[in-house]
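In order, the protein sequences belong to chains R and B. Counting in this note's numbering, the first sequence tops out at residue 770, every number present. Counting in this note's numbering, the second sequence tops out at residue 953, every number present.
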Amino acid sequence: MTREGWIRLAVVAALVALLEALCRGGVIPRTVLLAPSDMAVSLWQILREGQHNTDIVSTFRNVALSSALSVTLGFALGVVIHALPRLRATIEPLLASYYAVPTFMFYPVFIVVFGVNAAAIIAIAVLLSIVAMVTSTLTGLDRIPAVLRKTARVYRMSFAKRALLIDLPAAAPHLFTGAKLAFAYAFIGVIASEFILSGQGVGYAIAYAYNNFDNRTMYGLMLLVILAAVTANTALDVIDRRLQTRLRR
Amino acid sequence: MRRLGDFILLVAGIVVAWQGLHWLAGDVALTSPWRTLLRLGALMQSETFWGHVAETGRAFAAAVAISLAGGVGIGTLLGLSRTSAIVSEPVLLALYSLPKVTLYPLVLLCFGLGISAKIAFGAMHGLIPVAIFTMKAILQIKPVYWRTARALRLTPRQVALTVALPAVLPEVLSGARLGFSLSLLGVLIGEMFASKRGLGFLITNAMGLGDIATIMAVALFISVFAIAANAALLALERTVHR
Numbered sequence: 522m523t524r525e526g527w528i529r530l531a532v533v534a535a536l537v538a539l540l541e542a543l544c545r546g547g548v549i550p551r552t553v554l555l556a557p558s559d560m561a562v563s564l565w566q567i568l569r570e571g572q573h574n575t576d577i578v579s580t581f582r583n584v585a586l587s588s589a590l591s592v593t594l595g596f597a598l599g600v601v602i603h604a605l606p607r608l609r610a611t612i613e614p615l616l617a618s619y620y621a622v623p624t625f626m627f628y629p630v631f632i633v634v635f636g637v638n639a640a641a642i643i644a645i646a647v648l649l650s651i652v653a654m655v656t657s658t659l660t661g662l663d664r665i666p667a668v669l670r671k672t673a674r675v676y677r678m679s680f681a682k683r684a685l686l687i688d689l690p691a692a693a694p695h696l697f698t699g700a701k702l703a704f705a706y707a708f709i710g711v712i713a714s715e716f717i718l719s720g721q722g723v724g725y726a727i728a729y730a731y732n733n734f735d736n737r738t739m740y741g742l743m744l745l746v747i748l749a750a751v752t753a754n755t756a757l758d759v760i761d762r763r764l765q766t767r768l769r770r
Numbered sequence: 712m713r714r715l716g717d718f719i720l721l722v723a724g725i726v727v728a729w730q731g732l733h734w735l736a737g738d739v740a741l742t743s744p745w746r747t748l749l750r751l752g753a754l755m756q757s758e759t760f761w762g763h764v765a766e767t768g769r770a771f772a773a774a775v776a777i778s779l780a781g782g783v784g785i786g787t788l789l790g791l792s793r794t795s796a797i798v799s800e801p802v803l804l805a806l807y808s809l810p811k812v813t814l815y816p817l818v819l820l821c822f823g824l825g826i827s828a829k830i831a832f833g834a835m836h837g838l839i840p841v842a843i844f845t846m847k848a849i850l851q852i853k854p855v856y857w858r859t860a861r862a863l864r865l866t867p868r869q870v871a872l873t874v875a876l877p878a879v880l881p882e883v884l885s886g887a888r889l890g891f892s893l894s895l896l897g898v899l900i901g902e903m904f905a906s907k908r909g910l911g912f913l914i915t916n917a918m919g920l921g922d923i924a925t926i927m928a929v930a931l932f933i934s935v936f937a938i939a940a941n942a943a944l945l946a947l948e949r950t951v952h953r
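Here it is as structure tokens:
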């Protein structure tokens, strides 16, 4: 690990220790925040006893489904839009200001259309994450070096061969960035919609525990979400950085 | 002129798609553009609607102010040394991509039910992108600027105002634009979960009643505001870039 990596670890560890000390010392009352060690114990119990297993499975299934949908549909849409410059020029402002609109407020519409179930959650998560994939696909296709296209022509590659052997690998780093963003947004979308209104899932379980003053369960599950999100996003980020450096070579 | 034409085409396209979806899904699921406009017109004539707007506006303004001041402050502190920037960047990115809704109960327990919880939650969303952009902007100031400032024997105050500020302004504005949209999202989600006032509450309340026209009307109102504000900030960014 680099020197900065060690410092980072030390800083995070020190902050957690400080929080632990503040909670144990009674500066932060137990009714507001549990000590980090208590959260870990609670999470361990939740996982061992398995009372929230269905929630956990349903959340991760929804996240996986909606990111997969966003990545495939977003890629396909990106390819189509890239092939039609006139269409692209027209919808460019829409793509640019898409994330300025709090799309999440359309969740109630999906609730009315699909009812309170996984379909509504997946629909809003896809809506939140798909545009990140579309824009990344467009950037990736734009940045394919002209020389690669020329090489393909010199080799008289067929369209399919060129797409598979030249275009896809050349655009891959950008596509991966898109997939990374799509995953992060889908995760946020799923947890947020479960939290606001649903009958299942980790977000729902946290909101339920909050409404019942069950701080132990609430903080245990919160720790689970934080750990899952940080681990997954950091792993994707590390791969993304490697691909980006390869791009610069 | 071409851009104006494109814009009109885009709006027309959205309205047509909306109308098409309305025919597909039926009146219960999705109100038509025209009926949504009528509903919004009716809402805008009622006093209670503007009360909700004022409540959300107050919370949002405070959240944006905290995001900007705090984000620029934190970003400046972390950006002053290369080590602190490298140490903190992954942490900030992890915080950025965290589903912050999970932390909302914690915010509620700290601030209680009321406007301060909404402000804190909005600021949590907006602060981090502003900090990340500010930090990166300061790191990327060209070393030759510092050398020039030294050669001209500028005072620290002059360095800050005439060298550093103009150099970081475009990036900071991009961060502010992102922080602006995310604060709005944060405030609205806060209102949707636990509140008795504000536009977010209006939406969840309408959801409970199955009143799709109100949901669409409020969503349209917020979208138009968000897009207009975003366009204004983009235009400001472009003038600064020049």
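Virtual Cβ for every residue (Gly too), placed ideally from N, Cα, C.
Let me know if residue 908 of chain B comes out buried or exposed under the rule of 16 or more other beta-carbons within 10 Å of its beta-carbon.
buried
Thinking residue 634 of chain R and residue 740 of chain B are a contact (beta carbons under 8 Å), I'd like their distance in whole angstroms, please.
4 Å
Do residue 842 of chain B and residue 879 of chain B have their C-beta atoms within less than 7 Å of each other?
no
Looking at the C-beta of residue 769 of chain R, does it have a partner C-beta in chain B at a distance below 7 Å?
no
Which bits of chain B does residue 529 of chain R rub up against, with CB to CB less than 8 Å?
798, 799, 801 and 802
Taking beta-carbon pairs under 7 Å, can you tell me which members of the region 609 to 629 of chain R lie near chain B?
610, 611, 612, 614, 615, 618, 620, 621, 622, 623, 625, 626, 627 and 629
Identify, in the order they occur along the chain, each residue of the same chain with its Cβ nearer than 6 Å to the Cβ of residue 695 of chain R, setting aside the five sequence neighbours on each side.
657, 660 and 661
Chain R beta carbons: is any one of them nearer than 7 Å to that of residue 926 of chain B?
yes
Would you mind reading off the limits of the alpha helix (DSSP H) that contains residue 739 of chain R?
736 to 769
For residue 651 of chain R, the first and last residue of its enclosing alpha helix (DSSP H):
639 to 663
Quick one: using the 10 Å Cβ neighbour count with 16 as the cut-off for buried, is residue 733 of chain B buried or exposed?
buried
Three-state secondary structure (DSSP) at residue 679 of chain R?
coil
What are the boundary residues of the alpha helix (DSSP H) that includes residue 923 of chain B?
923 to 952
Mind listing the chain B neighbours of residue 712 of chain R? Cutoff is C-beta to C-beta under 8 Å, in chain order.
810, 812 and 813
Can you name the residues of chain B whose CB is closer than 9 Å to the CB of residue 758 of chain R?
801, 804, 805 and 808
Candidates R/607, R/557 and R/714, of which the one nearest residue 541 of chain R by Cα
R/557
Beta-carbon separation of residue 765 of chain R and residue 576 of chain R under 7 Å?
no
Please compile the residues from chain R whose C-beta is within a distance smaller than 7 Å of the C-beta of residue 840 of chain B.
Neighbours of residue 840 of chain B on chain R: none; closest Cβ ~11 Å, over 7 Å.
If you run the structure through DSSP and keep just helix, strand and coil, what is residue 908 of chain B?
coil
What are the boundary residues of the alpha helix (DSSP H) that includes residue 559 of chain R?
557 to 570
C-alpha gap between residue 852 of chain B and residue 864 of chain B, whole angstroms
18 Å
May I ask you to list, following chain order, the residues of the region 544 to 570 of chain R that have a beta carbon less than 8 Å from some beta carbon of chain B?
552, 553 and 554
Output the distance between the C-alpha atoms of residue 958 of chain B and residue 925 of chain B, rounded to the nearest integer angstrom.
Past the edges of chain B, shown from 712 to 953, lies residue 958 of chain B, and the structure says nothing about it.
Does any residue of chain R have a CB that is nearer than 7 Å to the CB of residue 1041 of chain B?
This structure cannot speak to residue 1041 of chain B, because chain B is shown only from 712 to 953.
Tell me which same chain residues have a C-beta within less than 6 Å of the C-beta of residue 956 of chain B, skipping the five on either side of it?
This structure gives no information on residue 956 of chain B, because the portion of chain B shown stretches from 712 to 953.
Listed by chain order, chain R residues near residue 832 of chain B by CB distance under 9 Å:
Within chain R, no residue comes near residue 832 of chain B; the closest Cβ sits about 12 Å away, beyond 9 Å.
To the nearest angstrom, report how far apart residue 692 of chain R and residue 699 of chain R are at their CA atoms.
11 Å
Over what stretch of residues does the alpha helix (DSSP H) that includes residue 756 of chain B continue unbroken?
744 to 756
Beta-carbon spacing of residue 773 of chain B, residue 830 of chain B below 7 Å
yes
Going along the region 906 to 917 of chain B in order, which residues come within less than 9 Å of chain R, judged by CB to CB distance?
910, 911, 914, 915 and 917
Have a look at residue 757 of chain R and residue 592 of chain R and give me their C-alpha separation to the nearest angstrom.
14 Å
CB-CB under 6 Å to residue 646 of chain R, same chain, minus the five flanking residues each way: which ones, in chain order?
587, 707, 710 and 711
Taking residue 625 of chain R as part of the alpha helix (DSSP H), name the residues at either end of that continuous run.
Note, residue 625 of chain R: premise wrong, no alpha helix (DSSP H); not H, not E.
Per-residue contacts from residue 778 of chain B into chain R (C-beta, under 8 Å)
Simply none; closest approach about 15 Å.
Would you call the region 882 to 891 of chain B and the region 813 to 830 of chain B touching, i.e. three or more CB-CB distances under 8 Å?
no
Anyone know if the C-beta pair for residue 631 of chain R and residue 617 of chain R falls short of 7 Å?
no
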